[in-house]
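Undergrad: No gaps in the numbering here: position 81 of the sequence shown is 81 in full-length UniProt numbering, and each next residue is one more.
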Amino acid sequence: MADAPAVRGGRKDSSGGKQSENRTGPVTFYRQVVAELRKVVWPTREQLGTYFVVVIAFVLVMIALVSVLDLVLGKLAFEVFTGADDI
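Printed below as a string of C-alpha coordinates:
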(Lines of atoms letter the chains of each structure in order from A and count residues from 1; the text may use other names and numbers.)
(Lines give C-alpha, C1' and ligand atoms only; values in the text may rest on other atoms or scores of the structure.)
Protein backbone atom coordinates (compact mmCIF):
# COMPACT_ATOMS: atom_id res chain seq x y z
CA MET A 1 0.00 0.00 0.00
CA ALA A 2 1.10 3.53 -0.62
CA ASP A 3 1.78 5.86 2.26
CA ALA A 4 -0.19 8.71 0.66
CA PRO A 5 -3.77 9.18 1.83
CA ALA A 6 -6.62 8.60 -0.59
CA VAL A 7 -7.61 11.72 -2.50
CA ARG A 8 -11.12 12.45 -3.78
CA GLY A 9 -11.81 14.13 -7.08
CA GLY A 10 -9.16 12.55 -9.28
CA ARG A 11 -5.84 13.97 -10.40
CA LYS A 12 -5.21 17.64 -10.82
CA ASP A 13 -2.66 19.27 -13.03
CA SER A 14 -0.38 22.17 -12.17
CA SER A 15 -2.69 24.82 -13.71
CA GLY A 16 -4.25 26.12 -10.53
CA GLY A 17 -5.83 22.86 -9.38
CA LYS A 18 -8.30 22.52 -12.28
CA GLN A 19 -8.64 19.28 -14.18
CA SER A 20 -7.37 19.29 -17.74
CA GLU A 21 -10.04 19.72 -20.42
CA ASN A 22 -7.87 18.84 -23.45
CA ARG A 23 -10.07 16.85 -25.78
CA THR A 24 -9.22 15.27 -29.08
CA GLY A 25 -11.05 16.80 -32.02
CA PRO A 26 -13.01 14.64 -34.48
CA VAL A 27 -10.45 15.02 -37.28
CA THR A 28 -7.54 14.05 -35.02
CA PHE A 29 -9.57 11.13 -33.65
CA TYR A 30 -10.32 9.91 -37.19
CA ARG A 31 -6.66 10.15 -38.17
CA GLN A 32 -5.64 8.18 -35.07
CA VAL A 33 -8.23 5.49 -35.82
CA VAL A 34 -7.00 5.14 -39.41
CA ALA A 35 -3.39 4.99 -38.20
CA GLU A 36 -4.24 2.22 -35.74
CA LEU A 37 -6.19 0.25 -38.35
CA ARG A 38 -3.15 0.35 -40.64
CA LYS A 39 -1.17 -1.44 -37.91
CA VAL A 40 -3.62 -4.36 -37.84
CA VAL A 41 -2.41 -7.58 -39.42
CA TRP A 42 -5.42 -8.72 -41.43
CA PRO A 43 -5.81 -12.46 -42.16
CA THR A 44 -5.45 -13.75 -45.69
CA ARG A 45 -8.39 -15.34 -47.49
CA GLU A 46 -6.98 -18.82 -46.75
CA GLN A 47 -6.54 -18.04 -43.06
CA LEU A 48 -10.05 -16.62 -42.90
CA GLY A 49 -11.45 -19.80 -44.46
CA THR A 50 -9.50 -21.94 -42.00
CA TYR A 51 -10.67 -19.89 -39.02
CA PHE A 52 -14.27 -20.10 -40.26
CA VAL A 53 -14.13 -23.90 -40.52
CA VAL A 54 -12.51 -24.22 -37.07
CA VAL A 55 -15.14 -22.00 -35.45
CA ILE A 56 -18.05 -23.81 -37.13
CA ALA A 57 -16.62 -27.21 -36.11
CA PHE A 58 -16.15 -26.04 -32.51
CA VAL A 59 -19.68 -24.65 -32.34
CA LEU A 60 -21.14 -27.89 -33.72
CA VAL A 61 -19.19 -29.96 -31.18
CA MET A 62 -20.40 -27.71 -28.34
CA ILE A 63 -24.00 -27.94 -29.61
CA ALA A 64 -23.72 -31.74 -29.61
CA LEU A 65 -22.20 -31.80 -26.13
CA VAL A 66 -24.85 -29.53 -24.63
CA SER A 67 -27.63 -31.45 -26.39
CA VAL A 68 -26.40 -34.79 -25.03
CA LEU A 69 -26.03 -33.39 -21.51
CA ASP A 70 -29.52 -31.87 -21.72
CA LEU A 71 -31.00 -35.17 -22.88
CA VAL A 72 -29.24 -37.23 -20.19
CA LEU A 73 -29.97 -34.81 -17.34
CA GLY A 74 -33.58 -34.40 -18.52
CA LYS A 75 -34.15 -38.17 -18.53
CA LEU A 76 -32.44 -38.47 -15.14
CA ALA A 77 -34.64 -35.74 -13.66
CA PHE A 78 -37.73 -37.35 -15.18
CA GLU A 79 -36.78 -40.71 -13.66
CA VAL A 80 -36.09 -39.17 -10.25
CA PHE A 81 -39.26 -37.11 -10.04
CA THR A 82 -41.64 -39.71 -11.49
CA GLY A 83 -40.43 -42.34 -9.03
CA ALA A 84 -39.36 -44.93 -11.58
CA ASP A 85 -37.51 -47.94 -10.15
CA ASP A 86 -35.29 -48.75 -13.13
CA ILE A 87 -32.71 -45.96 -13.28
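For every residue, glycine included, the Cβ atom is placed at its ideal position computed from N, Cα and C.
It should be emphasised that the depicted structure is a prediction, and the values quoted were computed from it without experimental measurement.
(1) Could one say the Cβ of Thr24 lies closer than 8 Å to chain B's Cβ atoms, at least one of them?
(2) Taking the C-alpha atoms as reference points, what is the distance between Val59 and Leu65?
(3) When you compare only the Cα positions, how much space is there between Leu76 and Met62?
(4) Starting from Val66, trace the alpha helix (DSSP H) in both directions and tell me its first and last residue.
(5) Can you give me the Cβ contacts of Asp70 inside the same chain, cut-off strictly under 8 Å, excluding the 5 residues immediately before and after it?
TA: Short version:
(1) Within the model displayed, chain B is absent; a lone protein chain is all it includes.
(2) 10 Å
(3) 21 Å
(4) Arg45 to Thr82
(5) none
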